[in-house]
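Chains as they are written, first to last, in the UniProt record's numbering: chain A, 1 to 243; chain B, 1 to 243; chain C, 1 to 514; chain D, 1 to 514. We put the beta carbon where it would ideally sit given N, CA and C, even for glycine. Remember, predicted model here, so these are calculated numbers, not experimental data. This report refers to the structure that appears directly beneath it.
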Amino acid sequence: MIVRPYGDTTGDGMVQLSFTLPIPHDKRAEGAALQLAGKMGMDPAMLVHAKQMGDGFTFFVVYGKVGHLVDTDKVQVVERDFPLLSAKEVNAAIKRRLRRRLNVVGACIGTDAHTVGIDAILNLKGIAGEKGLEYYSELSVTNMGAQVSVPELVETAREKKADAVLVSQVVTQRDAHLHNTRAMSAAFREALPAGKRPLLIVGGPRFDELMTGELGVDRIFSRGTTPREVASYLVHALTENRA
Amino acid sequence: MIVRPYGDTTGDGMVQLSFTLPIPHDKRAEGAALQLAGKMGMDPAMLVHAKQMGDGFTFFVVYGKVGHLVDTDKVQVVERDFPLLSAKEVNAAIKRRLRRRLNVVGACIGTDAHTVGIDAILNLKGIAGEKGLEYYSELSVTNMGAQVSVPELVETAREKKADAVLVSQVVTQRDAHLHNTRAMSAAFREALPAGKRPLLIVGGPRFDELMTGELGVDRIFSRGTTPREVASYLVHALTENRA
Amino acid sequence: MAGKLDLDPRTVARARALAAKAGQPVVDLARSHTTVSVERAVLRLAGVHGADADGIPWVNRLVDAVRADVGLGHGVAVPVFHAATTTGVEDLTVLAQKAAAGSVRFDVPEKKAEIATARRLARRAAGAGLKIVDRRRAERDRLIKRFGDPKQRPWIYLIVATGDIYEDIPQAQAAARAGADIIAVIRSTGQSLLDYVPEGATREGFAGTYATQENFRLMRAALDETSKELGRYIRLTNYASGLCMPEIAALAGMERLDMMLNDSMYGILFRDINPIRTFVDQRFSRQVHARAGIIINTGEDNYLTTADAVEAAHTVTVSQLLNEFFAHEAGLQDWQLGLGHAFEINPDLPDSFRLELAHALLARELFPEAPLKWMPPTKHMTGDVFRGNLLDGFFNLAGALTGQGILLVGMMTEAVVTPWLSDRDIALQNVKYVLNGAGNLHEDFTPGPFIRGRADQVLNEAIDLLERIVDDTLMDAIADGTFGLMKRPADRGKGLDGVARQEEDYYNPVEEML
Amino acid sequence: MAGKLDLDPRTVARARALAAKAGQPVVDLARSHTTVSVERAVLRLAGVHGADADGIPWVNRLVDAVRADVGLGHGVAVPVFHAATTTGVEDLTVLAQKAAAGSVRFDVPEKKAEIATARRLARRAAGAGLKIVDRRRAERDRLIKRFGDPKQRPWIYLIVATGDIYEDIPQAQAAARAGADIIAVIRSTGQSLLDYVPEGATREGFAGTYATQENFRLMRAALDETSKELGRYIRLTNYASGLCMPEIAALAGMERLDMMLNDSMYGILFRDINPIRTFVDQRFSRQVHARAGIIINTGEDNYLTTADAVEAAHTVTVSQLLNEFFAHEAGLQDWQLGLGHAFEINPDLPDSFRLELAHALLARELFPEAPLKWMPPTKHMTGDVFRGNLLDGFFNLAGALTGQGILLVGMMTEAVVTPWLSDRDIALQNVKYVLNGAGNLHEDFTPGPFIRGRADQVLNEAIDLLERIVDDTLMDAIADGTFGLMKRPADRGKGLDGVARQEEDYYNPVEEML
Ligand code: B12
Ligand code: B12
Ligand SMILES: Cc1ncc(COP(=O)(O)O)c(C=O)c1O
Ligand SMILES: Cc1ncc(COP(=O)(O)O)c(C=O)c1O
């Protein structure tokens, strides 16, 4: 399906945009703002607000119409390609197919100390009314907490014979999450031969789920992930594909 | 000068964008939103908020980096190409060069009833501490008020021997301001021969000052215009260029 | 909620008495005149409908024909029904068509019996129209009973204005689902100056959608569906003000609109409609609204878009008192008085929010039984939509703190565009946050000397102004720019030629039955 | 401002007494231990500066060397100054270099006279450091006198965090010009777990800029300029918490920082630093802050990012009481206690805003002389930046209504990015609107039963919890997840190996002089 942005009429293509340019406010600056809007495909673009901040910066708000068409058929998304199981089904599947508990090691790596997200996935308490992975009797969970270094993580994963390693990254400034994830997957590739490597899962609110290849991980989870989704994926990836 | 948008670091290119797509919220919709952001030149783009509204619409907020460069030297603006005069100077110039009072007719045309803007320019009271054109002893001002039809305006302009006609347009939905302005300038072209035609000035908060040619007017004034600017322009255009 | 300001009841009583004194001459004027639109409204209730090929409604054609033949001063009812009898054309719409074709002439019968017959027929026909209005009112009562009123006060009022009724409908339904209690379909700019009501479903309005009987019907039907779906009766609002106030009031009654913008002076001040025309039209339209159980919304908020909200605060109070007087006189009950006021003080002014509270609370306590309509900031909104949403939040808070009845939801894009779908959603979210999180804050709100002092000051300034108006007449005050800085002399403005002094034998079957 | 809740003074006194009882064992522990960072702080005050080629500061090298030779338990001052005497290397930085190269050995002199000499020299050297601190404090007093304090309360506190000190500086100056009274430069993530303080001007932090003496100096100098330009003394804040609390406190004192984040338990709970290490470090660092006239900011707000703000409200109160007790014990005055709390209740909760008012007012009235630090919503912020700006507005209002001392300005992009330049501008505009328009609304704010009841409830829950802590010990409470749901046993956590029990002859010239 082809769609356009919608302001108040089908097809009107209206969007709102704001940004700062590192120049003082004058007519030329307003023109510069409109030039940017134009390059982004806004035509006509209405500059509705401009405010100088300090000496050399100006903030702009622009409204206008974009000509771009959005083709929903061309959208690439990581659709859930596995069934969403209940805790019971997860446990049953692991028991039946793996005949042992599945080992999961989780951590926030690098200097990131945002544990709420990974705790929501791992800890009993869970999130949004769903219990975390610790609740699943057939999962054995080790939560290493925050600011774990990559060598520590690899070591613990080896020690615990981890089937899956779950890593959380919340801080994205200067692409810290991408750097850390790449460092982590590289370390696992270096430390363990292909067959022995645990499933690498990374999660956090600002990840693009399409980047698995680039980051060298098996799966990425983003905003609003629930423990059940992760557990179901583990079953799918570790008991169906591999076992 | 070449600049880029500025989030918190020089050259980071960061902008904020929001819009609605006429599709329900799901992963595909989020992908569609990112597709649009991509087409606008945002890369990487972070989808930070998505909310379904009613059955078939979703609102998105996207942050991200644009690659576009803004070249401030290429910006086209209507710079003030005439000196900003005081009321005294305006009056003196008219007296000296025209030797009669200059006739100005103003109106909100079409169905537009927003008179605050044109009143700010014409009425004694003025705006932002500046008196309006009525204050200028050498200007004779006729303010026709709101919802004036184009034939009425042409008639009055003829009757008052208007040197300049000042038209205000505030409502822009469905480009009403553009349609009305074009109709107005066409009517003057039809009714009066080139030499007899008054100076046509149009104003309103959402006009693009570069559109004079397209709209068939002599000058466009936009947000934040002050009476002095208009008076100075009148002197410039009517006593220097023509007289 | 009342009683936080400790207003002196004697001062309040004095203000009301002055308003009555100032308003009475205008009522007398209204009672002694009629207008083309009043007469067309009578014919609409009597069953004339449809329009000619140019879109001019048959009621216009018919009234114009009668007027050409005998003038308006007798009312059109008797000439029209007399002609119907004499020509044997009982269907008035057909009669109108014939009149337009010049094949019918109208006169005022001389014979008592003929007059009596014409009047009886007129009464019966117009009565049928009023019966529809009554049925609609009963229907509304039933639906409210079934679906229920909004759970919270203030009721949440949202504007839809795409210009296309078929875009408006889904947007209105979405807004209701998202929490709106009242949907207002704004009219196309300029409709208020049309001296006729357009016909049919329309798709081409500018910054608003034409008010037509069919558009009313379509939207009401859609909202009935949504009311059912939501288990909450969604009210529908439109605009009466303008050259066709009486007719639109009649159509609103027949299509079960629930609220109507109807101000005694808005048309004069903001549309440059002739004062007498407006006062006559507003009286009749309000009588119809009274019958239809419609809540009116007055337009004091508009004054503050042109005048300064602090300097002119007392003009709002004066206008509310006048609107109340005129409304009561036309038969409206207190619960039908959605008196308007607005959050329009310059936000840069120190204590601006507390001044807003003082003004809003004054209105609340002067009109304790009226469902005041609280209007959002517009004048000081800019293209800075982030700031706009913040201002709207404080507007919502002021509404909750001072117990307003109807909250017109402010839009962050006020200074930019007519509301987008997403603007409404953001705005409703704003309202919900404020009402849910701070809706009961009035329990902790006990105005101190600053707020009480300001309310007293405004009330006293209002009394001073009313005294001046009583001395000079309201017509002169309007001519002098007292309200919204607009100067509107009684002998100027649009639509004056549609006004006529009532003759001795003036007859209006609708007014008789109201 | 005080007195709106009618708190029972006996209940309040009981809460304080319980906090003292719960805190005393921890104070005893802190007085009987030292840490590598305390000792390094002593050496920094005594004049050691600079770092080796790997960026490891000479103070670290020196303390490590002393420790390797004689342990920490005697304090490093005597061994170091003894070595300086015996080797004749009076410049301690040179001594550190030699020690790192292995060419100096340390021991604890046995002779009384030698001890006395070493102590005297240590006192003199450290005294010189404290004199710098004293001079800086006097300088601050002078500048405040010259430029003035902010005109309004709360003071407006803004964060800068580009990671690059040279981007931070213009941003901080712009923020001050736009209205900020306090600039906080957030540290790079992870610095708090470094067991050394980086050196020099830095440009590569993640989501924050390294806290270094040079960065402190550069920013303070820039803000002095801006203070002059604005005629208002702009305060500078940084973070003490972490493995280097005492050293950073010393550097802050020497570079005239004005406020420091310094919480008695933050490092334990949120950085998994060993509890004993933290308690020892915080005590010493607070003694230094007391001397430097620095206002501390505690971190109770953080609990509400992990625990629920309603359920855990009383843990905030308990922690504030403990922070107060520890602060007083370390010599801080009430005006230096920027106790933390936050607007973190789920905005969807009915009456959420009034609950916030109850909590904020409780803190206000429990600590009437302290410049409470009021933290904005973070947990319930989402990518919906329009809603975010609204929430921040209500946060600002709550701050004004309850008389908070320091307002950390909330950012609409809280859930998205570290603040952009424009975010700060929008946020400041928000603060200004609220303080200007509604800053005096407290005059009209008289808490009703709901707010008063909630405050009472939280206070009583706090007392219950304090009673449990007195019974079980604070260490056990921390181990049990009482605060912020974090479980931190006393024998775990980072930095434990840097703790040593003080020997009989422990000597610390700085502590002696504080
Ligand atoms: C709580 C919080 C804190 C707490 C953290 C407490 C704790 N123990 O976690 C405290 C107060 C300590 C803190 C500190 C800091 N914070 Co903080 N913090 C937040 C906050 C308010 C909420 C984050 C949160 O808990 N979200 C709720 C959880 C449930 O959501 P989530 O993390 O997205 O997780 C979900 C999914 O993403 C996914 N998921 C996440 N991880 C994983 C992993 C796997 C394997 C899977 C499958 C799924 C998954 O599933 C989860 C459940 O659905 C955000 C702002 C915000 N509102 O988002 C800022 C925020 C994340 N913090 C930020 C910053 C910068 C910091 C500091 C670095 C500031 C400083 N320099 O001092 C410090 C230092 C922290 C550090 N070293 O990392 C920035 C990050 C900016 C950026 N994009 O780079 C934010 C966005 C605030 C801001 N705008 O500046 N913070
Ligand atoms: C005040 C106001 C009204 C008042 C008007 C009173 C009056 N007598 O003017 C009332 C309440 C009557 C009103 C009604 C309506 N309004 Co109105 N109104 C506004 C409001 C709040 C402020 C406009 C204003 O006065 N600005 C202040 C003046 C000084 O600024 P200005 O007009 O830009 O003028 C300056 C410059 O532009 C320039 N300028 C302007 N004209 C000219 C002319 C010349 C020759 C020159 C040289 C310069 C110049 O100089 C001026 C001084 O600097 C705006 C929202 C907003 N905050 O902007 C909506 C707004 C303009 N209204 C709007 C609408 C839709 C309406 C209605 C049509 C709604 C309806 N359907 O009922 C009605 C009908 C009006 C009609 N038929 O036109 C929309 C327009 C949307 C759009 N972009 O198309 C707005 C933006 C609100 C919204 N978001 O929906 N409105
Ligand atoms: C009382 C009243 N009537 C009518 C209107 C709108 O009328 P029009 O359709 O003329 O713009 C308003 C607008 O604010 C109003 O307040
Ligand atoms: C008391 C206290 N100290 C320190 C910090 C930040 O420390 P870090 O640099 O470890 O993130 C905070 C953060 O909110 C805090 O509240």
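Residue i CB to nearest chain C CB: under 7 Å?
| i | result |
| --- | --- |
| proline 395 (chain D) | Note that residue 395 (chain D) corresponds to phenylalanine in the displayed sequence, not to proline. Chain C, which has no Cβ nearer than 7 Å to the Cβ of phenylalanine 395 (chain D), makes this no. |
| threonine 225 (chain B) | no |
| threonine 446 (chain D) | yes |
| aspartate 8 (chain A) | yes |
| valine 66 (chain A) | no |
Pull up the CB-CB distance for residue i and residue j, whole angstroms please, since I reckon it's below 8 Å.
| i | j | result |
| --- | --- | --- |
| glycine 23 (chain C) | glutamine 502 (chain C) | No, glycine 23 (chain C) and glutamine 502 (chain C) are not in contact; Cβ-Cβ is about 19 Å, not under 8 Å. |
| isoleucine 109 (chain A) | valine 171 (chain A) | Wrong, their Cβ atoms sit about 11 Å apart, outside the cutoff. |
| alanine 172 (chain D) | threonine 189 (chain D) | 19 Å between Cβ atoms; not a contact. |
| glycine 293 (chain D) | arginine 140 (chain D) | 6 Å |
| leucine 62 (chain D) | alanine 101 (chain D) | Actually they are not in contact, since the Cβ atoms of leucine 62 (chain D) and alanine 101 (chain D) sit about 12 Å apart, beyond 8 Å. |
| leucine 193 (chain D) | glutamine 173 (chain A) | With a Cβ gap of about 18 Å, leucine 193 (chain D) and glutamine 173 (chain A) do not count as contacting. |
Consider the Cβ of residue i: report whether some Cβ of chain D lies at a distance smaller than 7 Å.
| i | result |
| --- | --- |
| threonine 58 (chain B) | no |
Using the three-state DSSP reduction, which class does residue i fall into: helix, strand or coil?
| i | result |
| --- | --- |
| lysine 432 (chain C) | helix |
| tryptophan 155 (chain D) | strand |
| valine 62 (chain A) | strand |
| leucine 485 (chain D) | coil |
| methionine 46 (chain A) | strand |
| glutamine 35 (chain A) | helix |
| aspartate 418 (chain D) | For the sequence presented, residue 418 (chain D) should be read as threonine rather than aspartate. Coil, per DSSP. |
| alanine 175 (chain C) | helix |
| leucine 193 (chain D) | helix |
Within the present structure, is the beta-carbon of residue i separated from the nearest heavy atom of ligand 1 by less than 6 Å?
| i | result |
| --- | --- |
| lysine 379 (chain D) | yes |
| threonine 115 (chain A) | yes |
| phenylalanine 270 (chain D) | yes |
Is residue i close to ligand 3? I mean its beta-carbon at under 6 Å from any heavy atom of the ligand.
| i | result |
| --- | --- |
| asparagine 508 (chain C) | no |
Could you tell me whether any Cβ in chain A is nearer than 7 Å to the Cβ of residue i?
| i | result |
| --- | --- |
| aspartate 384 (chain C) | yes |
| threonine 378 (chain C) | no |
| glutamate 204 (chain C) | no |
So that I know if they touch, is there some Cβ in chain B lying closer than 7 Å to that of residue i?
| i | result |
| --- | --- |
| valine 38 (chain D) | no |
Looking at residue i and ligand 2, is the gap between the Cβ and the nearest heavy atom below 6 Å?
| i | result |
| --- | --- |
| serine 205 (chain B) | Strictly speaking, residue 205 (chain B) in this sequence is proline, with serine absent from that position. Because some heavy atom of ligand 2 lies under 6 Å away, the Cβ of proline 205 (chain B) counts as near it: yes. |
When every heavy atom of ligand 4 is checked, does at least one fall within less than 6 Å of the C-beta of residue i?
| i | result |
| --- | --- |
| aspartate 263 (chain D) | yes |
- [ ] Go through the UniProt domain "B12-binding" (101-243) of chain A residue by residue and report every complete run of the alpha helix (DSSP H) that reaches 4 residues or more, in order.
- [x] 116-122, 150-159, 176-191, 212-215, 227-234
Task: beta strand (DSSP E) runs wholly inside the stretch 249-298 of chain C, at least 3 long, in chain order - done: 259-261, 295-297
Task: Interface residues of the stretch 325-354 of chain D facing chain E [CB-CB below 8 Å] - done: Reference to chain E is not applicable here, since the protein chains of this structure are A, B, C and D.
TODO: Mind listing, in chain order, the continuous alpha helix (DSSP H) runs of no fewer than 4 residues lying wholly within the stretch 34-71 of chain C?
DONE: 36-45, 58-70
TODO: Just list the alpha helix (DSSP H) runs in the stretch 198-233 of chain C, keeping only unbroken ones of 4 residues or longer that don't cross its boundaries, in chain order.
DONE: 213-230
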